[in-house]
Every structure is written in structure tokens, then in C-alpha cells.
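All residue numbers for the sequence shown refer to UniProt numbering, where the first residue is 1 and numbers rise by one.
Accompanying notes for the structure given below.
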Amino acid sequence: MKAVLMTAAGDPEVLQLQDIQNPGVRLGETELLVHLRAAGINPIDTKLRKRGTFYPDKMPAILGCDGAGVVEAVGAGVQKFRVGDEVYFCNGGLGAHQGNYAEYTTIDERFVARKPASVSFAEAAAAPLVLITAWEALYERGRLEPGERVLIHAGAGGVGHVAIQLAKLKGASVCTTVSTQEKADFVHKLGADHVIFYKQRDFVQAALDWTNGEGVDLAFDTVGSETLHKTFPAVRVYGDIVTILEPDANTVWKSARQRNLRIGLEFMLIPMLQGIVEAQQHQAEILEQCAKWIDAGKLQIQVSHTFSLEEAAKAHHLLETGSVTGKIILLVEDK
């Protein structure tokens, strides 16, 4: 089969399309062989490409956590799926298990969800990592409740644009930061109640004005660096803030302490990295629920650009510009 191999840590050109053995020749008892039709590209992919994977002794590596495709074969003990089922999932791509920049992959059936029937493979492959991240951040780390007010940073981004929709589905009011009018129009269509042009206005003051000086109940940081501690004053006393980035060493915690904020850290790859099976199964259940919302027209995934497998390096270059609205996808040729 054809796959994009990361031959070493470095710039996007280390991603090379090569022919390798199909992983289905050694299918496990509860594994599926999936003919991939699309793979999502996420910031974690570019970070691992630049610095090396979590498993540097297992090179070359195939990146890509997000995948969508068709079940081509099943292990003897598989119960939930059969050949021909369309599926989507977040699995592999961190250096240990093969990722999804490839024509085929294997995955335990416990970590798979049925693909939303109403969307393309590209849209499905764009969804898993960002859906799980936003769900866990808002619903589990942030304990979001109906009627609460939420500030979501970078609402037009991959995680941000689904976070807006999940917050609205919970019955919350949402304000979000964007950089352009085009992105403002986009997030309004997703349900955002208030848009803050952060390059033109102090987002803290804007959030305070929006909440009559009280501050939001929950802030969701998808940007990192200084954004985390700069957001503390925008959150009400005894409120919550969740970040998906590791707090910077220069983070100033004083205002968070003075407001008794509850700090949530969200890294959705932990179950995969640590082999926590129950948590991986829970993430598949999240995808099953989100598939129902997608098919009901309550949740949408924005695909901004698509590339072929052989254009993986070009796709990484685009993502690293930092100006993408929605998600970038690699399409796998259907043979």
C-alpha cells in the first residue's frame, strides 16, 4: 500500500510517499482493517513532524490521528462491525501505532464509531480529534451547564468552530475571538452570540461588557502562550478556564488565584498515549453521539482545503501559516 512516511524530524519535506506492506496481513482478534478514504491533519501532526514523535526509536513513522474509511476485513472476535461499514476515529499517528496518512490501517473495534451517514469521508476525517477535544474541554473539564456564558478563543479554528456548536447544543451563550470579518460571519452562522475582533479590541474588556462586568462562567483557550493568563480577568469569580495547551512557564497565576478560578487541562491524546482502554472507548462513544447530531443537522464540520496523499508536505506548509479556517484533509484515492 501507499503511505506517507516521516523519515526524520524536520521540515514538511521529510514526509515522503512510499510503498509499504499492508497492515492487514496480521489482523488481531478484535481489529478492523480499514481502507482509508481520508485523513485529518491537526497541529499535533506538525509538532511531531518538527520535533520527533513520542516514540523516536520507532522510525520511520506514519502521522495522522484522524481517519475515516470503509471496513475491509475484521478479526475473528469482532462483534460490532462488519465488512463494508463506514467508520471514523482518532487513533494512531503518534509514533507507536501507524497513523492515517495511508491507504489502509488497523484499529481495535472498541475505538471506532460509525461514520455520520450525511457527510463525506473528508468531513468525517476532519471531525474526531477536534470533537473529542471540545467535548472533553467543555462538558467534562469545564462542567458546562445550560444558561452559562462561554468565551471561546479562535472560534473559526479547528477546535474552536466545533466548540461553539457544542456549547450552543448545551444551551450556553457564546462569545468568541476572531481576526477578520470573514471569520466573524462564519462563527455567527455556527451560532456564536457575540464576536470579538481581538486585534482591534481588548478581549477581556469586551467579555466583561458582554457579561455586565461579571465575567464569563467558562473560558476555553485554544491558543496558548500568553492567552491563558490574559484571559483570567475575563472569567467570573469561582469560574472555570480550560486550556488545550501546556501552560507557559511565564504564566502569571495571580489573577486566577484572586478569582478562585478552577483550572482545567485538556489533552485528548492521553488515553492513546497511556493505553487507557476505558477512556478510548469513551471517546468512541463521544463520536457516536456527535455522529447523531451531525446527521440531524445540529453539528457541522468545516473542511477548508483538501490534498492528495502525495501532497502531505504541502498540506503541512499550509497549516503552519496559522490562517486556516476549519480543517485540512488528505484524500486517499479509492481504488
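Glycine is no exception: its CB is placed at the ideal position from the N, C-alpha and C atoms.
In this text the structure is predicted, and so the values were computed from the model without any measurement.
Proximal residues to residue i (C-beta, below 6 Å), its chain only, five neighbours per side dropped
i    : result
G203 : What sits at residue 203 in the sequence shown is Phe, not Gly. If we look at F203 and ignore the five residues flanking it on each side, its Cβ neighbours are T177, I196.
D193 : S173, V174
G224 : L245
E123 : I301, V303
D57  : none
G69  : V34, H35, L36, R37
D85  : V71
CB of residue i within 7 Å of CB of residue j, strictly
i    : j    : result
T106 : L33  : yes
H97  : E72  : no
D66  : P23  : no
V252 : H282 : no
E103 : F81  : no
M268 : E136 : yes
A38  : L331 : yes
N162 : V112 : Reading off the sequence, residue 162 comes out as Val, not Asn. Their beta carbons are not under 7 Å apart, which means V162 does not touch V112 by this criterion.
T321 : S304 : no
L17  : E310 : yes
K314 : G158 : no
A312 : L94  : no
Spatial neighbours of residue i in its chain, beta-carbon cut-off 7 Å, leaving aside the 5 residues before and after
i    : result
A117 : D295
T227 : H153, D221
G77  : E29, T30
L208 : G215, A234
V237 : R259, N260
H317 : P12
W210 : C175, H194
Segment limits, alpha helix (DSSP H) that includes residue i
i    : result
Q165 : 158-169
F121 : 121-125
K2   : That residue, K2, is in no alpha helix (DSSP H); its beta strand (DSSP E) goes 2-6.
H188 : 181-190
Where the beta strand (DSSP E) through residue i begins and ends
i           : result
T133        : Segment 128-135 is the alpha helix (DSSP H) holding T133; no beta strand (DSSP E) there.
V25         : It is not in any beta strand (DSSP E) - V25 carries neither H nor E in the DSSP assignment.
F81         : Neither: F81 is in no beta strand (DSSP E) and is coded neither H nor E.
residue 338 : There is simply no residue 338 to check, as the chain begins at 1 and stops at 335 in what is shown.
Q16         : 15-19
A38         : 31-41
S173        : 173-178
Y104        : 104-108
I328        : 327-331
Residues near residue i by beta carbon distance below 8 Å, same chain, minus five either side
i    : result
Q21  : M1
I164 : I152, G155, V174, T176, V187, L190, G191, A192
K183 : G155, A156, T325
A284 : F89, R110, F111, V112, A113
Minimum Cβ-Cβ distance from residue i to chain B less than 7 Å
i   : result
G67 : Annotation note: the requested chain B is absent from the structure, which comprises a single protein chain.
Any non-hydrogen atom of the ligand GDP within 6 Å of residue i CB
i   : result
K80 : As far as ligands go, the structure on display features none, and thus does not contain the ligand GDP.
> Looking at C-beta atoms only, is the number of pairs between the region 48-66 and the region 8-17 that lie closer than 8 Å three or more?
Replying inline: yes
> Going along the chain, which unbroken runs of the beta strand (DSSP E) with 3 or more residues stay wholly within the region 211-290?
Replying inline: 216-221, 235-243, 262-265
> How do the region 208-223 and the region 142-158 stand: do at least 3 beta-carbon pairs fall below 8 Å, yes or no?
Replying inline: yes
> Is the region 53-69 in contact with the region 84-102, if contact means three or more CB pairs nearer than 8 Å?
Replying inline: yes
> Which runs of the beta strand (DSSP E) fall wholly inside the region 295-320 and span at least 3 residues, in chain order?
Replying inline: 303-308
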